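> Counting from 3, one number per residue, gives the positions in the sequence shown under the UniProt record's numbering.
Cβ atoms here follow ideal geometry from the backbone N, Cα and C, with glycine treated the same way.
On a predicted model such as this, the values are computed, not experimentally measured, just so you know.
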Amino acid sequence: MADRDGFIWMDGKLLPWREATVHGLTHTLHYGLGCFEGERAYATPRGAAIFRLTEHTKRLFNSAKILQMEIPFSHAEIDAATKEVVRANGLESAYIRPLVFYGAEGMGLGAKGLKAHVLIAAWPWGSYLGQEALEHGIRVKVSSYSRHHVNIHLCKAKATGNYMNSMLAHGEAHRGGYDEALLLDREGYVAEGSGENVFMVRDGVLYTPTLTSALEGITRDTILRFARDAGLPIVEKQLTRDEFYIADEAFFTGTAAEVTPIREIDDRIIGNGRRGEITALLQSRYFDTVSGKRDDHPEWLHHVG
Ligand code: PMP
3 MADRDGFIWM DGKLLPWREA TVHGLTHTLH YGLGCFEGER AYATPRGAAI FRLTEHTKRL
63 FNSAKILQME IPFSHAEIDA ATKEVVRANG LESAYIRPLV FYGAEGMGLG AKGLKAHVLI
123 AAWPWGSYLG QEALEHGIRV KVSSYSRHHV NIHLCKAKAT GNYMNSMLAH GEAHRGGYDE
183 ALLLDREGYV AEGSGENVFM VRDGVLYTPT LTSALEGITR DTILRFARDA GLPIVEKQLT
243 RDEFYIADEA FFTGTAAEVT PIREIDDRII GNGRRGEITA LLQSRYFDTV SGKRDDHPEW
303 LHHVG
């Protein structure tokens, strides 16, 4: 990953990929207080377009606010830099990673004079869980790890340190032979995947957990907008794992995971064990929108050219 051609934007400058490095005493590396985004640019008939860039940049600034980090750039500057990175790397489609981190200005929890640094990288990245997963769905296991409690980790921040919980859960699921973990909150209700929000369909109604201990996913919001446009009944409430077991359909949403059907949870087949009809409808609307084939939300596509 570190050894490749291309450019990374760092603190206002485009640097050659191999030179975008940090010191070993980088504060965020030690204590995990930092924040980031995960965005995608898709190939469209008018060239690469970043999907919902405005919302991603806004969430990055909100994460920094929650963590009391001062980003030394404006929203407009970060938007422009994000487009510049996709352009400079000549990417038709990309995964984009903005990161805000404290540097090596000090060490210790009370370090004074820490400065928030910003880097933005972009590289080609196919479907996160595989093309096969998008069509046939994945096998999911309820995690032995709980999702963050709202007063331990602040889950509205896409904070670097929050992902230790995600990595433990993801690793456990994989080592157990599953594709992804489903995490419950501290009360035992379904929260989200290790890097995705989750939905289920039962008797034609679309359900998704309330966001108490989950990230406010931008893909989740996109899917809810599509569902509303299609006149589907939507219920946001606390959901139990056994409600998922007896659902007709279930799927994950996320920038990386896009819309991935779930075909099995805890060794119970969901619905008919294949991508469900409503999942297929929302998934195709998603891919048609991000790639500019549908233009009912032109404000969501930010062309880089
Ligand atoms: N939950 C978690 C924990 C995530 O990391 C992500 C990915 N950012 C999501 C949900 C989905 O968010 P989005 O749709 O904005 O990518």
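Closer than 5 Å from C-beta to any heavy atom of the ligand PMP: which residues, in chain order?
Ordered along the chain, the selected set is GLY40, GLU194, GLY197, ASN199, LEU217, GLY219, ILE220, THR221, GLY256 and THR257.
> Which first and last residues belong to the alpha helix (DSSP H) in which HIS138 is found?
Along the sequence shown, one-based indexing puts residue 138 at 136. From DSSP, the alpha helix (DSSP H) with HIS138 extends over 133-138.
> Tell me which same chain residues have a C-beta within less than 6 Å of the C-beta of ILE25, skipping the five on either side of it?
Translated into the one-based positions of the sequence shown, residue 25 becomes position 23. For clarity, residue 25 is His in the given sequence; the question names Ile instead. Closer than 6 Å at Cβ, skipping near neighbours: ALA106.
> Is the Cβ-Cβ distance between VAL102 and GLY36 less than 7 Å?
Working through the sequence shown from its first residue, we reach residue 102 at position 100. Working through the sequence shown from its first residue, we reach residue 36 at position 34. Yes. Within cutoff.
> Would the beta-carbon of LEU184 fall within 7 Å of that of PRO211?
Counting from 1 along the sequence shown, the entry for residue 184 is found at position 182. Counting from 1 along the sequence shown, the entry for residue 211 is found at position 209. Not a contact, by the Cβ cut-off of 7 Å.
> Does VAL102 come out as helix, strand or coil in the three-state DSSP assignment?
The count along the sequence shown starts at 1 and reaches residue 102 at position 100. Looking at VAL102 - three-state DSSP - the assignment turns out to be strand.
> Leaving aside the five residues before and after THR255 along the sequence, list all residues of the same chain whose C-beta is less than 7 Å from its C-beta, in chain order.
For this step, residue 255 is matched to residue 253 along the sequence shown. Excluding residues within five positions, the ones whose Cβ falls inside 7 Å are GLU198, ASN199, PHE201, GLY219, THR221, ARG222, ILE225 and VAL261.
> Starting from the Cα of HIS58, find the closest Cα among THR84, GLU94 and ALA113 and give me that residue.
Locating residue 58 in the sequence shown gives position 56, counting from the first residue. Selected option, being the one with the closest Cα: THR84.
> How about THR281 and GLU251: are their beta carbons less than 7 Å apart?
Numbered from 1 along the sequence shown, position 279 holds the residue referred to as residue 281. Numbered from 1 along the sequence shown, position 249 holds the residue referred to as residue 251. In contact: THR281 and GLU251 (Cβ atoms closer than 7 Å).
> Would you grab the beta carbon distance between TYR44 and VAL203 for me? Rounded to a whole angstrom, and I think it's under 8 Å.
As a first step, residue 44 must be located in the sequence shown, where it is residue number 42. As a first step, residue 203 must be located in the sequence shown, where it is residue number 201. Not quite, the Cβ-Cβ distance comes to about 26 Å (not below 8 Å), so this is no contact.
> Buried or exposed: VAL306, going by 16 or more other Cβ atoms within 10 Å of its Cβ?
Within the sequence shown, residue 306 is the residue found at index 304, counting from 1. The residue is buried, with at least 16 neighbouring Cβ atoms inside 10 Å.
> Starting from TRP125, follow its DSSP beta bridges and name the residues at the other end.
Here the question's residue 125 lines up with position 123 in the sequence shown. TYR97.
> Can you tell me whether LEU93 is buried or exposed? The criterion is at least 16 other CB atoms within 10 Å of its CB, across all chains shown.
Residue 93 sits at position 91 when you count from the first residue of the sequence shown. So LEU93 ends up on the buried side.
> If you reduce the DSSP assignment to three classes, tell me which class ARG42 lands in.
As a working mapping, residue 42 is identified with position 40 in the sequence shown. Note: ARG42 maps to strand in three-state DSSP.
> Measure the CB-CB distance between SER148 and ARG188 and report whether it falls below 7 Å.
The residue you call residue 148 lines up with position 146 of the sequence shown. The residue you call residue 188 lines up with position 186 of the sequence shown. Going by C-beta atoms, SER148 is nearer than 7 Å to ARG188.
> Would you identify the three-state DSSP class for PRO235, choosing helix, strand or coil?
One-based indexing of the sequence shown puts residue 235 at position 233. In the structure shown, PRO235 sits in coil (DSSP, three-state: anything other than H, G, I, E or B).
> How is residue 309 classed by DSSP in three states: helix, strand or coil?
Given a span of 3 to 307 for the chain in the structure shown, any question on residue 309 remains unanswerable.
> Tell me which residues share the same chain as GLN285 and place their Cβ nearer than 8 Å to its Cβ, disregarding the 5 neighbours each side in the sequence.
Along the sequence shown, one-based indexing puts residue 285 at 283. Excluding sequence neighbours, GLN285 sits near LEU136, PHE253, GLU260, VAL261, PRO263 and ARG277.
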